[in-house]
Structures are given as C-alpha cells and as structure tokens.
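Quick note on numbering: the sequence shown equals residues 123 to 594 in this note's numbering. Single-structure report; data block below.
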Amino acid sequence: MVRQSQVHGVIVIARNGDRSEFYQDPKTYAPEFTETTPLGEVQSHQLGSLLRNDYFNKDSASFVQGIKSDLIDTHQISVKVKAGGEGPVVFDSAIATLQGLFPPTPKNEMTLANGTTIIAPLGGYQYVPVETADPSNDRSMESWTDCPAFQKHVENFYKSDEFKKKAEEAEPFFKGVKDFIFGREAKLENIWNVYDFINSELAHNQTYAFRLPPSYKDQAQGWADYHEAGVFASKDIGSIGNIAGRTMMNTVLRALERIAFDGDALQFMLLESSYQPLMSILAMAELTKDHPELAGIPDYASALVIELRRGAPPDTRDFLRFKFKNGTHGFETLRAFGHHADIPLTEFIYRTEGHVIGDTNRWKAVCGASFAPFGVELPALPTIGATQVGQTAGSCIFAFFALFGLFILSNVVRRFRTRKAEGRLRLPGAEVSEKLLPSAPASARADYGAVSSRELGHEWGHYSQVVATSAA
C-alpha cells in the first residue's frame, strides 16, 4: 500500500463575495466605495464551510495534521484582510468566511470560581483575530493603486496594436449594449465598469434582468476577462503587470516558511482580498497554463488553496499542491510551473522569491514613487535636459535651506529683543495671561472620537487593527 502525503498547513487566498456595483478608474484603477450584499455574505460563508469540511474534519483526506478542529487555537490561525478604497466589503467577506470555518460551539465555555459555566454569545461564537492591511501604510494587499509604473503599464497596454485590434472587434458589442449601460463610457478601456454594472444589475435588478438581451452578459464577461488579464496577469513573472501578486506572494512565502518550520504553531492562513492578486498569482505560477479558462476574472468567493504536504518515506520533503475553486464550482487541482505532480517547496521558493516585493521601500522603487507618500502625486519635473534638471533641483534645495535658516535666525533675534525690552524680574512659577472670551455654545464645541491602534512588527512596518470577528 502506497502511503499518501499528509497536509501540514494551508494558505487560502480568497476573493470577496457579491457586492453592489464597483467602479474603478480605467487608467489608475482608483476604487470607489461599494457595499456587501447578503448574497455575498452567504457565498463567503459557504466557502468557509467547505474549507472547514476539507481541512478541519478529521475524517477528510486533506485534514491538517495536528490542528485543533473542535475549538480554535488562535496561535495556529492567521487572517489578513485587504482594507482598500472599496470600503468594508472584503472585511465583511472575511468575517463571513470565518463564520463558516469556525461555527459556534458549546465547547467555547469557561467555568468561573463560583462554579458557574459561561458559554460565549450566540451559542459559543468563536472570535478570530483579524489583521487589516490599509494601502495607505501597507501595500501587501493592494499594490497597484498610486503606482506610476503600473499606470504606465496600463497606458502601454491600451496603446498596443493587439488592444487596438480587439477594440475594433468589440465595437459591435458596445454599439448594441449602449442602451443598457445608461451613460457609461462604451469603450474597451472602460469594459470593467461596463461588465461590473451589467453583472450587478443582473443579480440585483429583476426588471433589468428581464430586458437585457441574453448574449450581452457573456460578451461583456469575455471582453472584461481579456482586459483584466492584460492588466493584472503577465506571463513575465517579474512584470509590473503582476504587482498585485508580487506583493501578496511575500506574505505567502513567509507563511510557508513558518508552516514548514516545526517550531512554529502556524498551520492555517486566510488572505482575503479582491480579484487582482488571484489573477496575478495564477499567472505567476503558470497555474492557468493547462487551464486557460481560469485566466479571466475569478467569480465571487473564489479561492486558491496552497497545501503544504509532507511526503511519505523515503522522500519526506515538503511539497506544495494548488487547488482552485472558481465561484460555486468545486476545487480543482492545478499544477505549478509545468509540473505534473506536487512541486517541491524549495523549488517554488527559488522560482518566486526573487520577484516578490517585500516592503514599502521596495514597492516605491518598483513603482517609481520613491519620494512620494502613498496616495500623493508629485508634480512632474520640467521636460528639459538632465543637467539642467539637476541644477534646477540643486538650486531649489539650496534656496529652501537658506530661507529656513533665515526664518530660524529671525525668531532667535526677535525673542532676544523681546526679553531685553521687558527688563523686569520674573517671579517663580508659571505666568498666566488671561483674557475673557464669550463661551461657545455646546453645539459649536468640537467632539473628537477616540482612535486606538496597535503596532504590529511586520516587514511592511504598518499599523494594523486587530479586530475580533462579530456575528453582525
């Protein structure tokens, strides 16, 4: 009897569930606010239940060896969630996924000193710590916004001969669909917003669903798949087009190293994000090479699972197995980098680690935004010769420091003259100058809320809130 490899750890990269219409700028991919729907929460909850059945069920062939299945051990679980410009939709999906993964259990109880047994709310609800990644100070989950090099990549894609040819082919579709997108720009550059509007209305608006010609949804999906793959899924693993996957891959590699090291308790990580990192990682690892149908936009609540498996003797190395679930479909095993079986962990790290973007400084260098704060665009330098630019910049710096020095000097002189002119004896204690002012009405007084944050020492050097999942 041949012994099968055993699962020792799992990383799940999941897309958020259904939400309202989501607009993205066609040139910069700057996002606008969107909201979670009950349908999206159900989709994510179902994903969590499926993952629990596969990896936390002792009777499953994929059961994670040594993991606590009845009551969560927070040392074995790690959750990181994208908190980008779309609002809380990804966070909401993560909470729903966790509710499916770790359902309430009466075992979540304690006995007080007086003998009273207390069960957690909602029949033993399990609270899981969640780390959020806000792109204003952590680019690991949303690295493509405010990135000049990425914007140039999108611009070059639009200028390519292939794209122009596709745009001509798509003209009949855009002419026909114009009456069903209500003023939205009917161009291939804007196909994401056209597709997302159609997709959202079909799911949420019965009147719209009754009136839209049947072929328009599939056509919009096909053109959007082409568009987003051209933007976020490059065949060149180190391309700026894969920036969404290159930043997230750093988190993946660090987690795999922790899981493989027997002295670390981590065995399960959930990375909840939007569709862009999924598309990039599928392309980077060549997972769609034998499955071109998966090269498009993943459906809501899709997930890529990376299993770390330990081989049976005599080959006890660590291997990786990739499984992908596209929306409501079941998990399908994919092969990385042309392998016909599981890929050794060491080989996967060797092939990818040179292309990952692991910290903020590296992200700035790749994006060409080394001196720009996140979300702030610096004005372009004048289009003159390189020597003149350097001289101009040097002159500006010198003038700035000269003015700053004069400002400091003038303040020192003014304070000296003021004290000399006073010529009086200073009594011990603080001096108070009082001036009676009319009291402001209560309605005009500022009311400041309290904000608390906890610094987590991750490689990105960011502040992340640690949030307990709730039943809401």
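Just so you know, even glycine gets a beta-carbon here, dropped at the ideal spot from N, CA and C. Small disclaimer: the values here were computed from a predicted structure and weren't measured.
State buried or exposed for residue i, treating a residue as buried only when at least 16 other CB atoms are found within 10 Å of its CB.
i, result
"S337", "exposed"
"S282", "exposed"
"P420", "buried"
"P399", "buried"
"E454", "exposed"
"D301", "exposed"
"D440", "buried"
"I240", "exposed"
"P257", "buried"
"N653", "Summary: the structure shown does not reach residue 653, with the chain confined to residues 123 through 594, and so no result is reported for it."
"N483", "exposed"
"L234", "exposed"
"G131", "buried"
"F383", "exposed"
"N278", "exposed"
With DSSP run on the structure shown, which of helix, strand or coil describes residue i?
i, result
"L393", "strand"
"K115", "Outside the displayed range of the chain (123 to 594) lies residue 115, so it cannot be described from this structure."
"R546", "For R546, the predicted structure reports a pLDDT of 41, less than 50, and the residue's modelled location is therefore unreliable. A value from the coordinates is still provided. Coil at R546, not helix or strand."
"M263", "coil"
"Q165", "helix"
"T196", "coil"
"R141", "strand"
"G452", "coil"
"I133", "strand"
"A566", "Caution is warranted here: a pLDDT of 40 is assigned to A566, below 50, making its placement in the model unreliable, and the coordinate value is therefore given only provisionally. In this structure, A566 counts as helix in the three-state DSSP scheme."
"E415", "helix"
"R439", "coil"
"R457", "coil"
"F354", "helix"
"Q248", "coil"
Report the CB separation of residue i from residue j in whole angstroms; it is logged as a contact under 8 Å.
i, j, result
"M263", "S395", "5 Å"
"A366", "I313", "18 Å between Cβ atoms; not a contact."
"R141", "T156", "5 Å"
"G207", "A152", "7 Å"
"L223", "L161", "At roughly 19 Å, the Cβ-Cβ gap does not stay under 8 Å, so L223 and L161 are not in contact."
"T227", "Q248", "7 Å"
"H477", "R376", "Actually they do not touch by this definition, with Cβ atoms about 15 Å apart."
"G490", "A271", "5 Å"
"Q273", "T196", "Actually they do not touch by this definition, with Cβ atoms about 40 Å apart."
"M370", "I133", "Contact doesn't hold; Cβ gap of about 10 Å is too wide."
Roughly how many angstroms separate the alpha carbons of residue i and residue j, rounded to a whole number?
i, j, result
"I471", "S182", "28 Å"
"L409", "L334", "34 Å"
"F444", "E379", "17 Å"
"T438", "R432", "6 Å"
"G315", "P225", "Note that residue 315 is Asn in the sequence shown, not Gly. C-alpha separation (whole angstroms): 36 Å."
"G344", "P436", "47 Å"
"K180", "G188", "10 Å"
"P148", "A405", "21 Å"
"Y416", "N236", "Before going further, note that residue 416 is Leu rather than Tyr in the sequence given. The straight-line gap from Cα to Cα measures roughly 58 Å."
"S356", "A407", "11 Å"
"D214", "A425", "16 Å"
"I320", "A351", "19 Å"
"S171", "T219", "8 Å"
"G139", "S322", "12 Å"
"C269", "F459", "28 Å"
"Y177", "L467", "20 Å"
"V353", "E311", "11 Å"
"V212", "E429", "23 Å"
"V186", "I403", "23 Å"
"K286", "Y280", "7 Å"
"D318", "A216", "21 Å"
"L244", "T238", "18 Å"
Using a beta-carbon distance below 9 Å, is residue i in contact with chain C?
i, result
"N327", "Considering every chain present, this structure includes no chain C. It has just one protein chain."
For the region 187-198 and the region 157-173, state whether three or more C-beta atom pairs, one from each stretch, are separated by less than 8 Å. Not touching, per the Cβ criterion.
Quick one: any contact between the region 358-366 and the region 325-345, if contact means 3 or more CB pairs under 8 Å? They do not touch, by the three-pair rule.
Three or more C-beta pairs closer than 8 Å, one from the region 281-296 and one from the region 265-272: is that the case here? Contact fails between the region 281-296 and the region 265-272, because fewer than three Cβ pairs, one in each stretch, are under 8 Å apart.
Could you tell me whether the region 195-210 touches the region 385-395, using the rule of 3 or more Cβ pairs below 8 Å? Judged by Cβ distances under 8 Å, the region 195-210 makes contact with the region 385-395, as three or more pairs qualify.
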